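One structure below.
Chains as they are written, first to last, in our numbering: chain A, 1399 to 1474; chain B, 38 to 528.
And the structure:
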């Protein structure tokens, strides 16, 4: 499947990440250092499962630190 | 039990190592001698304001020298210190103040405080609460003697309104006799950091009970648990023992870039929610230490189930801490066999004897024979306990309580919610609130509505209470009498 960056950022917004955080994201830096916090993460993972029908394991989730990591995983 | 035991212990430290750092706050140090002196100054201030034994002194302060010193000064005059989490909602804050009825409210100077509290207020500087006033040389003793001194912590109730949990001052010293020998060993040379704040039993017990009790150095962190700030403090102050919750360990793991110097850590502790086994493995890979998981409650005072250094079992809460007795019982109150889940009860020193102004809640939890009903479910095998969830509908998310009723009441104020139920969903071993909504006829139930409902809660309640997911249902499961069966909604 193909998930565009725009679709992924849209999902982040729906998951409750603040718009100014989403706008300012550097795709190669850890999301957790750019304002995406511990309450946003589960919402993002659950939204990915719901919208893209992709179930991400606990082990995989530990490795998804940046926006680019998420894109690679979803576009496998 | 000397109700001033923590104060006596502190005086002993000040006599033995007066110049040693007791507190580090925003790069500045408060020595043991200075801390004891400041406690005397503030105790004098409380007496001047007619704080009498048994009076409550509310402390709406960040983790800071001010909170530590005013807390201990309250104990010194026989009062009851009531530290209040700065991040509670205004409604909860006002409820707590009216429920506790303090003689005095201490808060940070120089800020706008929006409160309906009409009583006496005292502004203090978070870093220098006692200024440079000279202190009397009188020892720290309760003004009128007796066991009136203590503290009261507020915890979430199932109705959503906070409940006051009173403790005797002596309860603070219990972890020094139980937890410290088993888990910490000799910790006098340690540098402590806790991401759990002092209005919580965990943060209070670690910081005032343990760190100051053993005469170690305590790094104070007033802000929220930002990963960069935490790793910065660990590196700058060579923190050796770190106490936190699984959600913060997870955020540290996600934020790490490899440049953080965490080499000073010798012990990492986790409580507040069950630590998933993969998180244990990840932290061991990163830091080379075992995260020790354990369980305690506001009512029990401090941790009574714990893993120990050298024998940590990932995915378990460890064994009973010496000094406590634990039972797992069925609905009738009979002990369950090994390997069968049961309701967790505990008995030991330092337990709260009742809730403040809540006789019914007290009767349900504080049982005959000194047993405390925790509401948690556990299973035990070979002496190791594993967490199995709650016997009630309460949710622990990010180490903090979420009352489903509170979140449901909030959602009900949204026009696109006809009915709703909130239950826990578990993702990768951690629990989060999930909302199940029946929309009114004609309303489109889609992602936009889910987002709007989550934002609705976000604007009204603390962030950890915001549902991580919203699912739309045609009906909710209910009993014959119409009560929502939240356990059927769990994911």
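In this text, a Cβ means the ideal position worked out from N, Cα and C, and glycines have one as well. Just so we're clear, the structure is a prediction, and the values are computed from it rather than from any experiment.
With distance defined between alpha-carbon atoms, name the residue in the options nearest to residue i.
i, options, result
"residue 293 of chain B", "A:1462, A:1423, A:1474 and A:1468", "A:1462"
"residue 132 of chain B", "B:43, B:361, B:474 and B:194", "B:194"
"residue 252 of chain B", "B:491, B:51 and B:469", "B:51"
"residue 343 of chain B", "B:216, B:60, B:162 and B:519", "B:216"
"residue 298 of chain B", "B:283, B:371, B:269 and B:278", "B:269"
"residue 1449 of chain A", "A:1472, A:1432 and A:1416", "A:1472"
"residue 264 of chain B", "B:248, B:295, B:245 and B:347", "B:295"
"residue 113 of chain B", "B:206, B:49, B:168 and B:154", "B:206"
"residue 418 of chain B", "B:365, B:468 and B:261", "B:365"
"residue 368 of chain B", "B:315, B:518, B:107 and B:412", "B:412"
"residue 44 of chain B", "B:93, B:106 and B:102", "B:106"
"residue 528 of chain B", "B:460, B:157, B:119 and B:71", "B:460"
"residue 277 of chain B", "B:311, B:160, B:316 and B:225", "B:225"
"residue 274 of chain B", "B:308, B:56 and B:227", "B:227"
"residue 384 of chain B", "B:371, B:375, B:358 and B:393", "B:358"
"residue 13 of chain B", "A:1458, A:1468, A:1453 and A:1416", "There is simply no residue 13 of chain B to check, as chain B begins at 38 and stops at 528 in what is shown."
"residue 473 of chain B", "B:462, B:371 and B:94", "B:462"
"residue 350 of chain B", "B:327, B:510 and B:370", "B:327"
"residue 317 of chain B", "A:1460, A:1408 and A:1464", "A:1460"
"residue 135 of chain B", "B:521, B:408 and B:94", "B:94"
"residue 46 of chain B", "B:164, B:310 and B:211", "B:211"
"residue 1410 of chain A", "A:1451, A:1458 and A:1444", "A:1444"
"residue 1418 of chain A", "A:1432, A:1458, A:1441 and A:1442", "A:1432"
"residue 239 of chain B", "B:58, B:168, B:331 and B:382", "B:331"
My guess is that residue i and residue j are in contact by the Cβ rule of under 8 angstroms, so how many angstroms apart are they, rounded?
i, j, result
"residue 523 of chain B", "residue 458 of chain B", "6 angstroms"
"residue 233 of chain B", "residue 220 of chain B", "So it is not a contact: roughly 15 angstroms between Cβ atoms."
"residue 440 of chain B", "residue 197 of chain B", "4 angstroms"
"residue 144 of chain B", "residue 98 of chain B", "7 angstroms"
"residue 422 of chain B", "residue 353 of chain B", "6 angstroms"
"residue 416 of chain B", "residue 378 of chain B", "5 angstroms"
"residue 448 of chain B", "residue 494 of chain B", "7 angstroms"
"residue 393 of chain B", "residue 236 of chain B", "The pair is not a contact, with the Cβ atoms about 15 angstroms apart (cut-off 8 angstroms)."
"residue 511 of chain B", "residue 480 of chain B", "At roughly 13 angstroms, the Cβ-Cβ gap does not stay under 8 angstroms, so residue 511 of chain B and residue 480 of chain B are not in contact."
"residue 1543 of chain A", "residue 1469 of chain A", "Given that chain A is displayed from residue 1399 to residue 1474, the structure contains no residue 1543 of chain A and the question cannot be resolved."
Counting along the chain, where does the alpha helix (DSSP H) carrying residue i start and finish?
i, result
"residue 212 of chain B", "211-214"
"residue 442 of chain B", "441-449"
"residue 329 of chain B", "Unbroken run through residue 329 of chain B is the beta strand (DSSP E), 328-333; no alpha helix (DSSP H)."
"residue 317 of chain B", "314-324"
"residue 129 of chain B", "127-137"
"residue 53 of chain B", "42-53"
"residue 187 of chain B", "First-last for residue 187 of chain B: 187-193, but that is the beta strand (DSSP E), not the alpha helix (DSSP H)."
"residue 470 of chain B", "Element bounds for residue 470 of chain B: not the alpha helix (DSSP H) but the beta strand (DSSP E), 467-475."
"residue 1455 of chain A", "Premise fails: residue 1455 of chain A is in no alpha helix (DSSP H) and is neither H nor E."
"residue 1420 of chain A", "1417-1421"
"residue 378 of chain B", "Unbroken run through residue 378 of chain B: none, as it is neither H nor E."
"residue 94 of chain B", "Note, residue 94 of chain B: premise wrong, no alpha helix (DSSP H); beta strand (DSSP E) at 93-97."
"residue 106 of chain B", "102-113"
"residue 1405 of chain A", "1403-1412"
Could you tell me the boundaries of the beta strand (DSSP E) in which residue i lies?
i, result
"residue 205 of chain B", "199-205"
"residue 228 of chain B", "228-231"
"residue 339 of chain B", "It is not in any beta strand (DSSP E) - residue 339 of chain B carries neither H nor E in the DSSP assignment."
"residue 76 of chain B", "It is not in any beta strand (DSSP E) - residue 76 of chain B instead sits in the alpha helix (DSSP H) that spans 69-85."
"residue 432 of chain B", "432-434"
"residue 279 of chain B", "278-281"
"residue 424 of chain B", "421-427"
"residue 161 of chain B", "158-161"
"residue 240 of chain B", "Unbroken run through residue 240 of chain B is the alpha helix (DSSP H), 238-241; no beta strand (DSSP E)."
"residue 254 of chain B", "254-256"
"residue 463 of chain B", "456-464"
"residue 268 of chain B", "No beta strand (DSSP E) holds residue 268 of chain B; the alpha helix (DSSP H) holding it covers 264-274."
Quick one: any contact between the region 1434-1447 of chain A and the region 499-510 of chain B, if contact means 3 or more CB pairs under 8 angstroms? The region 1434-1447 of chain A makes contact with the region 499-510 of chain B: 3 or more CB pairs, one atom from each, lie closer than 8 angstroms.
Should the region 480-491 of chain B be called in touch with the region 440-458 of chain B, which here means at least 3 C-beta pairs below 8 angstroms? Touching, yes, given that three or more Cβ pairs across the two stretches are closer than 8 angstroms.
For the region 432-449 of chain B against the region 277-296 of chain B, do three or more pairs of beta-carbon atoms, one drawn from each stretch, fall closer than 8 angstroms, so that the two count as touching? yes
When Cβ atoms are compared, which residues of the region 1451-1469 of chain A fall closer than 7 angstroms to chain B? Along the region 1451-1469 of chain A, going in chain order, the ones with a CB nearer than 7 angstroms to a CB of chain B are 1456, 1457, 1459, 1460 and 1463.
Which residues of the region 464-475 of chain B have a Cβ closer than 8 angstroms to any Cβ of chain A? Give them in chain order. 464, 465, 466, 467 and 469
contact_flag[the region 457-477 of chain B, the region 385-403 of chain B] where n(CB pairs < 8 angstroms) is 3 or more: no
Counting only Cβ-Cβ distances shorter than 8 angstroms, please list the residues of the region 261-277 of chain B near chain A, keeping chain order. 264 and 265
Quick one: any contact between the region 255-263 of chain B and the region 333-340 of chain B, if contact means 3 or more CB pairs under 8 angstroms? no
Taking contact to mean at least 3 C-beta pairs separated by less than 8 angstroms, is the region 76-91 of chain B in contact with the region 49-65 of chain B? no
Contact list for the region 287-304 of chain B against chain A, Cβ threshold 9 angstroms: The residues in question are 287, 288, 289, 290, 291, 292, 293 and 294.
What residues from the region 492-509 of chain B come within 8 angstroms of chain A, judged by C-beta to C-beta, listed N to C? 492, 495, 500, 501, 503, 505 and 506
Give, in chain order, every residue of the region 1405-1418 of chain A whose Cβ lies closer than 7 angstroms to some Cβ of chain B. 1412 and 1414
Which residues of the region 1434-1448 of chain A have a Cβ closer than 8 angstroms to any Cβ of chain B? Give them in chain order. 1435, 1436, 1437, 1439, 1440, 1441, 1443, 1444, 1445 and 1448
Taking only beta carbons into account, state which residues of the region 215-244 of chain B come closer than 9 angstroms to chain A, listed in chain order. none
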